[in-house]
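Going left to right, the sequence shown walks through residues 4 to 143 as my numbering numbers them. All C-beta atoms, glycine included, are put in the ideal place defined by N, C-alpha and C. This report concerns only the one structure given below.
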Amino acid sequence: MNRRRRTEILIQGKPSLAQKLADEIKEKYLCQEVSAPKYGLTMMKVRETAKNSLFYIGEVLVTEAKVAIKQEIGVGIVIGMKDELATHLAIIDAAYNAELPETANWEAPLLAEEQAIREEKIHKQAQILRTKVQFETMEV
């Protein structure tokens, strides 16, 4: 599983999953905090659908943390003021970068969480579509 997909699952899913995976690493390895969680601003890029071009819509507040495990750096960046989640993401990223054996067991819970996220999106979309007006069936 690539880094982007893994990070999206951990951010969109339940925070308890990221905490559980990070705690598993913290119990067995020394996690050195390279950079404590800090706040910053970053430009938010959006694709304009009509011309299919990218533009910057504005700045967004992010929390960034860096952790080292076995000389490998992990970075966690998340939108908003979420210190713990940023730290958990950094620990998980460092664990993957260090190729720790525990990471081999993480694919199944990540895929299960991805499926739960997908099902939640389908459920929300179905709720929205239930309220949609169908103009074809309206009579004048």
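LYS69: member of the beta strand (DSSP E) spanning 56 to 72, first to last residue. The three-state secondary structure of ALA101, taken from DSSP, is coil. Fully enclosed alpha helix (DSSP H) runs of no fewer than 4 residues occupy 86 to 100 and 110 to 133 of the stretch 76 to 140, in order along the chain. Annotated three-state conformation of ALA39 is strand, per DSSP. In the same chain as GLN15, and ignoring 5 residues on each side of it, the C-beta atoms closer than 7 Å to its own belong to ILE120, in chain order.
Under the DSSP assignment, LEU13 falls in the alpha helix (DSSP H) whose first and last residues are 6 to 15. No residue range can be given for ALA53, since it is assigned to no alpha helix (DSSP H) and is classified by DSSP as neither H nor E.
If you check the CB distance, LEU88 and THR106 do not come in under 9 Å.
Here the alpha carbon of SER38 sits roughly 22 Å from the alpha carbon of GLU62. Setting aside the 5 residues that flank it on each side, ARG50 is surrounded in the same chain by LEU57, each with a C-beta closer than 7 Å to its C-beta; the list follows chain order.
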